[in-house]
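Undergrad:
Numbering (my numbering), first residue to last: 2 to 185.
1) By a C-beta neighbour count over all protein chains shown, 10 Å radius and 16 as the cutoff for buried, is residue 122 buried or exposed?
2) Below 7 Å CB to CB, which residues in the same chain sit around residue 109 once its five sequence neighbours on both sides are set aside?
3) Between residue 164 and the rest of its own chain, which residues show a CB-CB distance below 6 Å, the 5 nearest in sequence each way excluded?
4) Give the straight-line distance between the Cα atoms of residue 135 and residue 16, rounded to the nearest whole angstrom.
5) Let's test the definition: count the other Cβ atoms within 10 Å of the Cβ of residue 178 and tell me whether it reaches 16, buried, or not, exposed.
6) Applying the 10 Å Cβ sphere with the 16-neighbour rule, what's the burial state of residue 14?
7) Examine the Cβ distances between the segment 47 to 61 and the segment 148 to 155 and report whether three or more of them are shorter than 8 Å.
8) Measuring straight from C-alpha to C-alpha, what distance separates residue 170 and residue 54?
9) Residue 173 lies in the alpha helix (DSSP H); which residues open and close that run?
10) Is the separation between the beta-carbon of residue 57 and that of residue 146 shorter than 8 Å?
11) Please find out if some non-hydrogen atom of the ligand FAD comes closer than 7 Å to the beta-carbon of residue 174.
12) Give the DSSP-derived three-state secondary structure of residue 120 in the structure shown.
13) Closest by CA to residue 143, which one among 91, 162 and 106?
14) Given a threshold of 16 other Cβ atoms within 10 Å of its Cβ, counted over all protein chains shown, does residue 66 qualify as buried or as exposed?
15) Using three-state DSSP, classify residue 61 as helix, strand or coil.
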């Protein structure tokens with residue numbers, strides 16, 4: 002068996018690529034992949050928009066999020082990011098009292114302009130919570146961590162088409178950082 006190069010991602014049997022000429026993945030082989038593969042740019046843009054205060058890092062990590070890596074395969078997610086893939090599944094109905102939930106977990110109630118149905122603007126989250134005060138107490142840092150994780154979920158992990166809003170049903174799952182880390 003011959004050794005394959007790192008950039009040779011095509012399968013050994015290329016007959017399985019029956020629609021390759023119509024799929025945008027062929028651009029990877031032609032060095033035009035920067036135009037079609039942009040998850041890392043999305044992550045960089047998100048992290049550039051939200052400069053995570055180092056003090057909220059322990060809460061983000063305790064909730065099971067390790068920022069800076071991403072991949073497609075579930076097993077890689079488990080290994081690289083530390084996400085559980087075998088814990089309790091996240092299933093529930095989502096009936097929200099937006100004001101109460103945001104007031105409790107974010108410490109601020111979003112104005113109507115920041116909401117779209119039950120989704121909240123990620124830009125608004127960043128403006129409100131990305132820079133905790135230098136003398137912020139533990140509760141304020143936890144609220145900032147809630148906002149960071151929620152924005153991360155909405156802009157990157159479970160993004161809508163534009164990645165500008167995140168559904169608030171995720172916020173209710175972040176109530177207890179230790180419990181959040183058990184979800185698969």
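C-beta atoms are modelled at their ideal positions from N, C-alpha and C, and glycine is treated no differently.
TA: Straight from the coordinates:
1) buried
2) 103 and 129
3) 156
4) 60 Å
5) buried
6) exposed
7) yes
8) 24 Å
9) 170 to 173
10) yes
11) Looking at this structure, you won't find the ligand FAD or any other ligand, since it has none at all.
12) strand
13) 106
14) buried
15) helix
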